[in-house]
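Have a look at the structure below, then the notes.
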Amino acid sequence: MTTSRSVSREALLERVATVPRVPLAALPTPLEHCQRLGTELGIELYIKRDDMTGLAFGGNKTRQLEFLFAEIVAEGADVVVAGAATQSNWCRQISAAACKLNMDAHLVLMHGEKGPLRQGNLLLDEVLGATVEIVDVADIAHLSPLLHEKARALAAAGRKPFVVDPIGMKVLARSTVGYVNAAAELDAQLEARDIRPDHLYIAGANMTPAGMALGMRAIGNSVRISNIAPIQWEEDRPTDIARIANACAALLGLDVQISADEIHNDDGYISPGYGKVSQESREALLLAARTEGLILDPVYSSKAFAGLIGHCRQGIVRPGETVVFCHTGGTPALFAYAEDVMPPRTPRAELSRRNRGPCTPTT
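Per this note's numbering, numbering through the sequence shown is continuous, rising by one, with the last residue being 544.
Here it is in structure tokens:
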């Protein structure tokens, strides 16, 4: 269980303010009541619109990068070296932040599910001027040495690189401050509208749920936080999330220790795999679009929303309860997944054959 001494929201924000930060996000993001979609699920539903953070199509990573890029700027870097899969939201927002702060970005990208398809986030990386190198690596842990190798080559050429190590605890802890701040922001919005949620749903691998859990617990908000995992890693998700949250707590000087057993993580919606659309996630994506005009992404938020739907059906979320769903963005990736989300159109010739025959006039 958590061991902590709660602080006020204002005191938490004072701790956040001690960490250097550069402005990148349009904050606060809206908290929207989704009546039609909530009625479909039998709940009171609110969406925290972190897809609207503003930077290059927005998303949750922009909050995190405000704190990470402050360190990058302080170190005098002129090029950022980062990596993930080819449809990475993280890399797209890093590329955009680098542009805004007068730096270059060099991306070393794993092939991923969509490979070199010049669409979605990969297209935006190039539009933003990033140098892109696609490598045949399947595990993000194996990407780290390639990033450092690239940084050494850049340094030898006279550049000042900063490596955003995807598994480095220093990067993870500092970036997590972004969602500690988001927790305080959301808590203030809920209080202003007298909303008392029973559940908070998030899609995240580590930093987003870690920051939200730490922030809410630090100010004594006991909402049940459920993380719907988008990816299966070797390390146990609750253990990893708690480890990152506690490293961030130490950075902020918070008297909070979060244990793995209080992290409600569900990895039952990953199938058929990371970056692959499932029938459940496709249905969730279309339901949100066709009831609220709300566009989810095919990798993270649609699977998280599929998890919320599943939890409603299983009784984990009971009828009439109030739920906040954090939309973490990622919508540019949707354009790389057109064939996975929507079936191919019927060929024109086939439509012509179907439409032959007498017409019934309308009156």
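All residues carry an ideal CB built from backbone N, CA and C; glycine is no exception. Fair warning: this is a prediction, and the values are worked out from it, not measured in the lab.
- Shortest Cα-Cα distance from Ser-407 to any of Val-498, Gln-370, Ala-470 and Ala-337 involves Val-498.
- Between the C-alpha atoms of Ile-444 and Gly-488 there is a straight-line separation of about 15 angstroms.
- The C-beta separation of Thr-420 from Gly-240 comes to about 26 angstroms, leaving the pair out of contact by the 8 angstroms criterion.
- Its chain contains Met-284, Asp-285, Arg-340 and Lys-341 as the residues whose beta carbon lies nearer than 7 angstroms to that of Asp-259, once the 5 sequence neighbours on both sides are disregarded; these appear in chain order.
- Shown here, Cys-215 sits in coil according to DSSP, grouped into three states, outside any helix or strand.
- Put simply, the backbone Cα of Asp-317 is about 42 angstroms away from that of Leu-194.
- Of the residues assessed, Glu-372 falls on the exposed side of the cut-off, its CB having fewer than 16 other CB atoms within 10 angstroms.
- For Arg-230, the enclosing beta strand (DSSP E) stretches over residues 225-230.
- Between Thr-472 and Cys-215, the gap from beta carbon to beta carbon is short of 9 angstroms.
- According to DSSP, residue pairing for Met-291 in a beta bridge involves Ala-266 and Val-316.
- For Ser-440, there is no enclosing beta strand (DSSP E), as DSSP marks it with neither H nor E.
- In terms of Cα proximity to Asp-447, the closest of Gly-396, Val-522, Gly-385 and Val-505 is Gly-385.
- Here Ala-251 has Pro-201, Arg-202 and Val-203 as same chain residues with Cβ atoms under 7 angstroms from its own Cβ, once five neighbours each way along the sequence are excluded.
- With a cut-off of 8 angstroms on Cβ pairs, the segment 269-277 is not in contact with the segment 219-230, counting fewer than three such pairs.
- By the criterion of at least three beta-carbon pairs nearer than 8 angstroms, the segment 333-352 is not in contact with the segment 226-236.
- In the assembly as shown, Asp-231 is a buried residue. Its beta-carbon has 16 or more other beta-carbons within 10 Å.
- From the listed residues Gly-264, Ala-277, Thr-503 and Glu-307, the smallest Cα separation to Asp-379 is found for Thr-503.
- In the three-state DSSP reduction, Ile-400 falls in the coil class, being neither helix nor strand.
- Comparing alpha carbon positions, the residue from Ala-428, Arg-405 and Asp-521 closest to Val-458 is Asp-521.
- 9 angstroms or more divides the Cβ of Val-404 from the Cβ of Gln-245.
- In this structure, Arg-377 lies away from Leu-249, with their beta-carbon atoms at least 9 angstroms apart.
- Shown here, Val-480 sits in coil according to DSSP, grouped into three states, outside any helix or strand.
- Partner residues in the beta bridge of Phe-343, as assigned by DSSP, are Val-261.
- For Ala-423, the closest of Pro-411, Met-393 and Ile-412 by C-alpha to C-alpha distance is Met-393.
- Beta-bridge partners of His-380 (DSSP): Arg-405 and Val-504.
- Straight through space, the alpha carbons of Leu-282 and Glu-256 are spaced by roughly 13 angstroms.
- Residue pairing for Ala-286: DSSP places it in a beta bridge opposite Val-261.
- Remark: C-beta atoms of Leu-381 and Asn-427 do not approach each other more closely than 9 angstroms.
- Arg-299 and Cys-429 have their C-alpha atoms spaced approximately 36 angstroms apart.
- If you keep only unbroken alpha helix (DSSP H) runs of at least 4 residues inside the segment 348-373, you get 350-373.
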